[in-house]
Amino acid sequence: MPEIITGLKLSEGIGFGSIFISTEADIEISEREIEAAEIDAEISSYKDSIQQAHIQLRKLRENVGEHLDEDSAAIFDAHIMMLDDPGFNEHIINHINNLNNAEQAIQLAGEVYITKFESLDSEYMKARALDVKDICMRLIANVQGVQLTDLSRVDEPVVVVAEELTPSASAQLDSKYVRGIITVKGGITSHSAIIARSLNIPAVSGAGDILSKVNHGDDIILDGFTGDIVLAPTEIEMAAYSEKKKAQEQREEKLKDYIGKETKTLDGINISLYANIKGPEDVKDVSDNDAEGIGLYRTEFLYMNRMNLPSEEEQYKAYKAVLSSQGDKPVIIRTLDIGGDKELSYLNLPKESNPFLGERSIRFLLKNEEIFKTQLRALVRASEHGNLKVMFPMVTTIDEFNRAKALLVEEKERYETENSKTLNDIAAGIMVETPSAAMISDQLAKHVDFFSIGSNDLIQYTMAADRLNEQVSDLYQPYHPSVLGLIKKVIDSGRNNDKWVGICGEMACDHKSIALLTGFGIDELSVSPGNILGIREYISNIKKTDMEQLSEQVLTCDSAEDVLYLIEEHLNLT
């Protein structure tokens, strides 16, 4: 009986083939203490390694940009930025001045950054530790004149198995030969995972002690849909997974029939299907999956994976690129949303005992107006290039919205005066993420231009259950009547005041909740680009009138279990 290891799914798909075990380059670091007379030579050696790294990374970026998307290519912009970071360079030169040789100085400085990233709560920021390691390995290899592992030489069908893959190594993979990637370490937000998804290579991490159980050349199967890894599969299992892969490919081909079609129920009700994005790198996915607009541009990613705040110009270019790509389609850009599980280490903000109830999102921005105004100026400038709507996160009071809107208007008027221009009005709305905002949504609707319900946070704040805490995961209930009642109230408030209401978060992707939301009268769903065609197909096969009956019934239920039973019975899922 073949052994099955279940890991973390990073990139969907099914891959099978012979194992190629990838190991890191053999780099040994000498811990020799140098003489004072050698300091200048070691600093010179380090600076030479920086110059070499610049050339190498630019070449990598160019190659990746030609063959993959801008998202993957931009990873190496961040690496180049770190090479130029004054603080990083100062750390290394200080270590050399303290009589460490260049390679040890790079290692010591890198460990400080790696430890700092790994200590953060955010999984996204934890994953940046591998980027620092990648950069430091490159610099040390350059100092020593050693060649890093080159996976571009793989020229036969294989499944790559490794402890972890750096972004540099991942960028060398050729999807013509690499049928899958299995690693012991690495998360969904790692840059290696991003590259795997761009290449459409199935990938699974968290593979435990797999390296002690397999050998180079062994057969293996990985299922990127479930996270399952099958060691030494039989012919029967190989045939079964081949059929599963074929069925998935046929399913993807069928969904292409929905490109160019309206998202409309059987009884003729339109629901807008927008995409969630992290930045300009995602616009190709938005286009490929035929999104009707962008419902959530998470600008916090512009501020992450770096050592300082992005400038107004840098932000303007990113926003302009996204807006220009969408023509007249709506682009909803959310202002900086940090706090909770998203940290910016370079701001050195004080630790809070409960960051999810602390100075996060709009609260942070209103107390740090210069950071806020810089972003608003960039947004105002970019508004000339598309259909911009600005969304403020985590608003809990009318006063918070009014203060934020006043700053947006102030920056717009200043720009118009300075440039002798008259811009179109910029719609301003809020994320409804707390019970307080939902409860006063009727009053808020008289001030805002639109609502977007952030279902993930709304659930956790309504149920008082941290969605990242396994100890209370049973209380994180999307279908609890209290959550559904608040969502219905927000939708009704929008309709009663002629304001449209959308939703983003996991509920926008789940077919059961989509059925309820359709019945409640939701105007828009914002989801990952890859989910759009499947949701369009689903909505095209339901009637709003049927879902209205279901939606009325669930609000009388006593528990999430009762709600789910009703949904499954109504949709014939039992």
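Numbering (UniProt numbering), first residue to last: 1 to 574. Here a beta-carbon is modelled for each residue, glycine too, at the ideal position from N, C-alpha and C. Nothing here was measured: the structure is a model prediction, and the numbers come from that model.
Open item on the list: Rounding to the nearest angstrom, what Cα-Cα distance links Val390 and Val448 in this structure?
Closed with: 11 Å
Task: C-alpha distance - Gln144 paired with Ala36, whole-angstrom precision - done: 21 Å
Task: Cα-Cα separation, Lys264 to Met463 - done: 33 Å
- [ ] Report yes if the CB atom of Ile532 is closer than 8 Å to the CB atom of Ile503, and no otherwise.
- [x] no
Task: Span of the beta strand (DSSP E), counted from its first residue to its last, around Ile14 - done: Ile14 to Ser22
Task: Candidates Glu548, Lys278 and Cys136: closest to Ala53 by CA position - done: Cys136
Open item on the list: So Glu237 and Pro2 are supposed to be a Cβ contact under 8 Å. How far apart are they, rounded?
Closed with: 6 Å
TODO: Kindly indicate which residue of Ile332, Gly534 and Pro529 has the alpha-carbon position closest to the one of Ser198.
DONE: Pro529
Task: Residue(s) in a DSSP beta bridge with Ser272 - done: Glu524
Open item on the list: Measuring CB atoms only, is the stretch 113-128 touching the stretch 170-182, in the sense that at least three cross pairs come out at less than 8 Å?
Closed with: no
TODO: Leaving aside the five residues before and after Lys499 along the sequence, list all residues of the same chain whose C-beta is less than 7 Å from its C-beta, in chain order.
DONE: Ala445, Val448, Asp449, Phe450 and Phe451
- [ ] Give the single residue among Lys244, Asp150 and Asp558 whose Cα lies nearest to the Cα of residue 590.
- [x] The first residue shown for the chain is 1 and the last is 574, placing residue 590 beyond what the model contains.
TODO: Starting from Val230, follow its DSSP beta bridges and name the residues at the other end.
DONE: Ile4 and Ile221
Task: Below-8 Å beta-carbon distance, Arg251 vs any chain B residue - done: Given the protein chain composition of this structure (a single chain), no chain B is represented.
- [ ] Out of Ser22, Asn541, Gly519 and Pro478, point me to the one whose CA is closest to His216's CA.
- [x] Ser22
Open item on the list: Please classify Leu357 as buried or exposed, where buried requires at least 16 other C-beta atoms within 10 Å of its C-beta.
Closed with: exposed
- [ ] Verify whether the separation of the beta carbon atoms of Pro202 and Gly13 is less than 8 Å.
- [x] yes
Open item on the list: Can you tell me which residues form a DSSP beta bridge with Tyr297?
Closed with: Ile277 and Ile333
Open item on the list: Helix, strand or coil for Gly494? Go by DSSP, reduced to three states.
Closed with: helix
- [ ] Quick one: grab the DSSP three-state call for Ala428.
- [x] strand
TODO: Verify whether the separation of the beta carbon atoms of Ile430 and Val230 is less than 8 Å.
DONE: no
TODO: Would you list the one or two residues that DSSP bridges to Cys504?
DONE: Gly454 and Ser526
Open item on the list: Quick check on this structure: which residue in Ile459, Ile453 and Ala508 has the alpha carbon closest to the alpha carbon of Phe494?
Closed with: The sequence shown places Gly at residue 494, not Phe. The shortest C-alpha separation from Gly494 is found at Ile453.
Task: Alpha carbon of Arg138 to alpha carbon of Leu148, nearest angstrom - done: 7 Å
Open item on the list: Checking 8 Å against the spacing of the C-beta atoms, do Tyr274 and Ala247 come in under that value?
Closed with: no
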